[in-house]
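For what it's worth, numbering that gives the first Met the number 0 labels the leading residue of the sequence shown as 0, then goes sequentially.
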Amino acid sequence: MTVFHSFSQYRTHAQCPLQWSFSRRWEPKITPLYFVEGRVMGQVLDLWYGKPGSTMKEGTDIIWEAREERLRELHSSGIATTQDFQESVNKFEFLSEIASGYFRTVLTLDRAAWETLEVQKEITVPLWRGQKLVAILDGVWKNRVTGEIFIVEHKYKASLDEDLLSLDRQISTYVLAMVKNHGVLRTIYNVIRKRRERLGKNETNEDFVRRVEASIRSDENEMASLSPGVVSGGFESPLVTRIVETRSWVDLDFSYAENIAQSRAIRSGPIYRNVGDHCERLCPYRSLCPNVDPTILEREYRPRSSRQRTAVSSAKSGDGAAPSLAPQELPRI
Ligand code: SF4
């Protein structure tokens with residue numbers, strides 16, 4: 000029996016095993032907005048980088064379709080408030096502005112600087128006793144001038160710090176999975192900056208949207224000086240921050256050991272509450288914690304569907320033997 004894990008599982012389990020346990024069984028009827036935003040921005044970038052010649056409108060159409068889907072979800076949940084609707088409408092407006100700004104500045108330069116070799120590439124890393132980690136790389140790019148190949152990870156985030164913590168192991172694992180064919184690749188960590196503005200006191204919703212959109216356009220003006228040479232390396236701007244990461248063999252060995260340790264913890268570790276700042280910001284199961292109230296469960300959650308890959312899934316394997324791929328067995332550069 001092969002058991003597959005994913006990084007989103009690892010992240011959730013590392014944050015709080017109880018949250019992970021809830022997420023295996025149920026999902027909120029209203030998907031957290033931060034999750035929807037990240038997924039939609041990812042779909043837009045997949046289109047723009049994966050389909051040469053795709054237009055700005057094709058990308059923003061994805062955002063408007065997602066907005067309609069979101070509004071339908073809010074309606075059908077039966078528990079959405081007026082604020083939920085308003086917040087969603089605002090977020091999708093900003094998402095469209097940010098994506099358009101990205102297209103006009105960074106994407107246009109990227110298309111000149113990079114050849115996209117892969118978009119949404121699935122990789123599998125064998126761990127131990129038939130357990131495997133499955134991950135999706137956002138992209139593999141080749142520099143048109145130097146020929147160097149990079150792994151690309153897109154993020155839609157307000158804070159860089161919290162990303163960099165998870166980045167280490169995730170990126171090391173990606174590099175490890177690609178090392179056999181490509182050697183130790185460098186990684187481009189492409190962070191599209193999410194807005195955290197709040198509706199001001201006495202500010203109308205229309206004024207709020209206008210204010211945020213104006214600030215996004217001002218960022219765009221600041222980015223006008225970028226060139227293909229700049230986007231090929233690291234840079235920081237209000238709208239986009241790009242970091243180029245290099246992994247060492249120590250990082251790769253360590254990530255391999257950490258992944259095995261975490262897959263063991265998921266399989267057989269204790270389920271406990273890990274209370275912290277993340278409860279408020281990043282846990283969609285707050286209403287169930289610490290004790291599951293059946294009334295709240297029925298009103299706000301639904302059973303997790305099997306189509307989602309965040310849960311541990313099982314499949315037939317050859318012999319369930321220990322993995323054959325280990326860092327020390329791979330060619331060193
Ligand atoms: S609210 Fe906090 S402690 Fe409770 S399940 Fe969520 S992350 Fe864990």
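We put the beta carbon where it would ideally sit given N, CA and C, even for glycine.
Enumerate in chain order the residues of its own chain whose CB-to-CB distance from residue i is below 6 Å, with the five nearest sequence positions on each side excluded.
i: K193; result: Y155, K156 and A157
i: T95; result: The sequence given here has Ser at residue 95, not Thr. So the qualifying residues of the chain are T59 and I62.
i: L44; result: H153
i: Q261; result: Y9
i: R38; result: none
i: L106; result: W47
i: A213; result: none
Mapping the DSSP letters down to three states, classify residue i as helix, strand or coil.
i: E257; result: helix
i: S316; result: With a pLDDT of only 32 at S316, under 50, the local geometry of the prediction cannot be trusted, and no value is derived from it.
i: L287; result: helix
i: V190; result: strand
i: L136; result: strand
i: V230; result: helix
i: N142; result: strand
i: R66; result: helix
i: R195; result: coil
i: R71; result: helix
i: T396; result: Residue 396 lies beyond the residue range present for the chain, which begins at 0 and ends at 332; the question has no answer from this structure.
i: T203; result: coil
i: I215; result: helix
i: L17; result: helix
i: I332; result: Only weak support exists for where I332 lies, its pLDDT of 27 falling under 50; the value from the coordinates is given anyway. DSSP places I332 in coil when its eight states are reduced to three.
i: T81; result: helix
i: K50; result: coil
i: P31; result: coil
i: L159; result: coil
i: S247; result: coil
i: L225; result: coil
i: P322; result: Unreliable positioning characterises P322 in this predicted model, as indicated by a pLDDT of 31, which lies under 50. The coordinate reading is nonetheless provided below. It is coil, neither helix nor strand.
i: Y9; result: helix
i: G275; result: coil
May I ask you to list the residues that DSSP assigns as paired with residue i?
i: Q130; result: V2
i: R301; result: E26
i: R185; result: F149
i: E235; result: T240
Could you check whether residue j and residue i sit closer than 8 Å to each other, using their CB atoms as the reference points?
i: R303; j: E92; result: no
i: I150; j: T186; result: yes
i: S87; j: R69; result: yes
i: N89; j: V208; result: yes
i: T104; j: L159; result: no
i: A112; j: P227; result: yes
i: I97; j: L238; result: yes
i: I78; j: E299; result: yes
i: L108; j: V230; result: yes
i: Y338; j: I122; result: The requested residue 338 does not occur in the structure, where the chain is confined to residues 0 to 332.
i: N204; j: Q82; result: no
i: G100; j: D218; result: yes
Taking 8 Å as the limit between beta carbons, can you name the residues of its chain near residue i, skipping five residues before and five after?
i: E202; result: R210
i: C282; result: Q14, C15, Q18 and C288
i: L166; result: E152, Y188 and E244
i: R110; result: P51
i: I170; result: I150, E152, T186, Y188, E244 and R246
i: G41; result: D137, H153 and Y155
i: L296; result: W25 and L287
Starting from residue i, trace the alpha helix (DSSP H) both ways and give me its first and last residue.
i: P269; result: That residue, P269, is in no alpha helix (DSSP H); it is neither H nor E in DSSP.
i: I122; result: Looking at the DSSP string, I122 is not in any alpha helix (DSSP H); the run it does join, the beta strand (DSSP E), is W113 to P125.
i: F149; result: From DSSP, F149 is part of no alpha helix (DSSP H) but of the beta strand (DSSP E) over I148 to K156.
i: V243; result: Looking at the DSSP string, V243 is not in any alpha helix (DSSP H); the run it does join, the beta strand (DSSP E), is V239 to E244.
i: C282; result: Run containing C282: none; DSSP gives neither H nor E here.
Only counting the same chain, and skipping five residues up and downstream in sequence, which positions put a Cβ closer than 7 Å to that of residue i?
i: T115; result: Y48, G49, G138 and W140
i: S76; result: K28 and I29
i: I332; result: Low local confidence applies: a pLDDT of 27 at I332 is under 50, so the model's placement there is unreliable, and no value is given.
i: R285; result: C278
i: Q46; result: The sequence given here places Leu at residue 46; Gln does not occur at that position. Here the set comprises S53, E57, G58 and I61.
i: T309; result: Since pLDDT at T309 reaches only 42, below the 50 mark, its modelled position is unreliable, and the value read off the structure follows with that caveat. Hits under 7 Å: S5, S7, Q8 and S22.
i: G232; result: V243
i: S20; result: I270
Mind checking which residues open and close the beta strand (DSSP E) that includes residue i?
i: T104; result: Counting along the chain, T104 falls outside any beta strand (DSSP E), and DSSP gives it neither H nor E.
Is residue i near the ligand MN, going by C-beta to nearest heavy atom under 7 Å?
i: R280; result: In the structure shown, the ligand MN is absent; the only ligands present are the ligand SF4.
Does any CB atom of chain B fall closer than 8 Å to the CB of residue i?
i: K179; result: Absent here is chain B; the protein component of the structure consists of one chain.
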